[in-house]
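Structure first, then comments.
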Ligand SMILES: C[S@@+](CC[C@H](N)C(=O)[O-])C[C@H]1O[C@@H](n2cnc3c(N)ncnc32)[C@H](O)[C@@H]1O
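In the working numbering, the protein residues as written are 1000 to 1306.
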């Protein structure tokens, strides 16, 4: 690629990133409704999340983490409550993270092979407690090819959850993905795979475009951005609660349109592939998603940089 083209791409990406709002990532709606004085009254908090514990995760906690079988259920609840105290995300209250989604992603084998066999680096945005990253490592990815990042520090709770503080050496960087001047600058133009799961849907269209512009800054030729988020049978802006910012729920067409826009704004070219899963396909309870529209579903995606 010609160096003057690289220069214009840099300028376009910087311009988009400069306008990104670094605030607004705390789920205000969850805090307002979380019943700070009584979390059990929150619509996002399920007192008993043991049904979300899959046989695979239980086995992992018993065999890898060494949690005695009789203590696994109390262990997951105690860690979940500590995570909820940090930030009241619905997926925390409902224990959705107990069944990592990345291994079910249609690109999982390709992601794994690029890291394990070709030496690619994966950076995760919104790594939370690191469940997806531990799945990759269990399947053979070396930890020194993985970087975990999150705007808040759930990372230490991950060590408690998986009881592997001395054994799991994946690097963690606390950073707001929207902050173009922040710690993630170190990774600009160097990441081969970005994993971003259940993060982008917190924003409206404009902020998602800016967030994707930040992901573009991390990328280089052939970078894959892999992930999932809540969507809808038809795209719409969800206004979760009066006065709070909208959340753009994509369908496959609107996701492609967003990336066409991001491509133009950043002077890069991306190819998008998408897959739709129902809430039932994911093994989740529709009743836990009453705050979304009735046609809510899950959009899985990969966008690959071709220029
Ligand atoms: C709903 S949770 C999903 C966690 C995990 N990716 C999963 O799928 O289980 C969203 C995560 O994104 C993080 N997050 C939200 N806004 C962020 C931002 N601006 N920069 C980096 N991380 C962010 C949150 O702290 C949280 O860990």
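C-beta atoms are modelled at their ideal positions from N, C-alpha and C, and glycine is treated no differently.
Let me know if residue i comes out buried or exposed under the rule of 16 or more other beta-carbons within 10 Å of its beta-carbon.
{"i": "residue 1291", "result": "buried"}
{"i": "residue 1018", "result": "Legend: pLDDT at residue 1018 = 47, less than 50; position of this residue unreliable, value from coordinates given subsequently. It counts as exposed."}
{"i": "residue 1197", "result": "buried"}
{"i": "residue 1184", "result": "exposed"}
{"i": "residue 1123", "result": "buried"}
{"i": "residue 1304", "result": "buried"}
{"i": "residue 965", "result": "Nothing in the structure corresponds to residue 965, since the chain is present only between 1000 and 1306."}
{"i": "residue 1220", "result": "exposed"}
{"i": "residue 1089", "result": "buried"}
{"i": "residue 1152", "result": "exposed"}
{"i": "residue 1243", "result": "exposed"}
{"i": "residue 1230", "result": "buried"}
{"i": "residue 1000", "result": "With a pLDDT of 48 at residue 1000, under the threshold of 50, the predicted position of this residue should be treated as unreliable, and no value is reported."}
{"i": "residue 1289", "result": "exposed"}
{"i": "residue 1164", "result": "exposed"}
{"i": "residue 1062", "result": "exposed"}
{"i": "residue 1258", "result": "buried"}
{"i": "residue 1022", "result": "Its pLDDT being 44, under 50, residue 1022 is placed unreliably in this model, and the value from its coordinates should be taken loosely. The residue in question, residue 1022, is exposed, as its Cβ has fewer than 16 Cβ neighbours within 10 Å."}
{"i": "residue 1041", "result": "buried"}
{"i": "residue 1113", "result": "buried"}
Flag this pair as yes or no: are the beta carbons of residue i and residue j separated by less than 8 Å?
{"i": "residue 1086", "j": "residue 1048", "result": "no"}
{"i": "residue 1217", "j": "residue 1186", "result": "yes"}
{"i": "residue 1093", "j": "residue 1279", "result": "no"}
{"i": "residue 1236", "j": "residue 1203", "result": "yes"}
{"i": "residue 1296", "j": "residue 1263", "result": "no"}
{"i": "residue 1091", "j": "residue 1082", "result": "yes"}
{"i": "residue 1064", "j": "residue 1161", "result": "yes"}
{"i": "residue 1115", "j": "residue 1130", "result": "no"}
{"i": "residue 1101", "j": "residue 1056", "result": "no"}
{"i": "residue 1233", "j": "residue 1294", "result": "yes"}
{"i": "residue 1298", "j": "residue 1228", "result": "yes"}
{"i": "residue 1301", "j": "residue 1248", "result": "no"}
Using CA coordinates, which residue listed in the options is at the minimum distance from residue i?
{"i": "residue 1149", "options": "1117, 1199 and 1105", "result": "1199"}
{"i": "residue 1134", "options": "1265, 1111 and 1234", "result": "1111"}
{"i": "residue 1267", "options": "1098, 1214 and 1038", "result": "1214"}
{"i": "residue 1068", "options": "1076, 1077 and 1058", "result": "1058"}
{"i": "residue 1210", "options": "1222, 1261, 1227 and 1281", "result": "1261"}
{"i": "residue 1054", "options": "1039, 1046 and 1071", "result": "1071"}
{"i": "residue 1045", "options": "1293, 1284 and 1301", "result": "1284"}
{"i": "residue 1125", "options": "1154, 1141, 1118 and 1271", "result": "1154"}
{"i": "residue 1052", "options": "1039, 1166 and 1074", "result": "1074"}
Is residue i close to ligand 1? I mean its beta-carbon at under 7 Å from any heavy atom of the ligand.
{"i": "residue 1184", "result": "no"}
{"i": "residue 1193", "result": "no"}
{"i": "residue 1049", "result": "no"}
{"i": "residue 1100", "result": "yes"}
{"i": "residue 1223", "result": "no"}
{"i": "residue 1124", "result": "yes"}
{"i": "residue 1107", "result": "no"}
{"i": "residue 1138", "result": "no"}
{"i": "residue 1196", "result": "yes"}
{"i": "residue 1148", "result": "yes"}
{"i": "residue 1175", "result": "yes"}
{"i": "residue 1288", "result": "no"}
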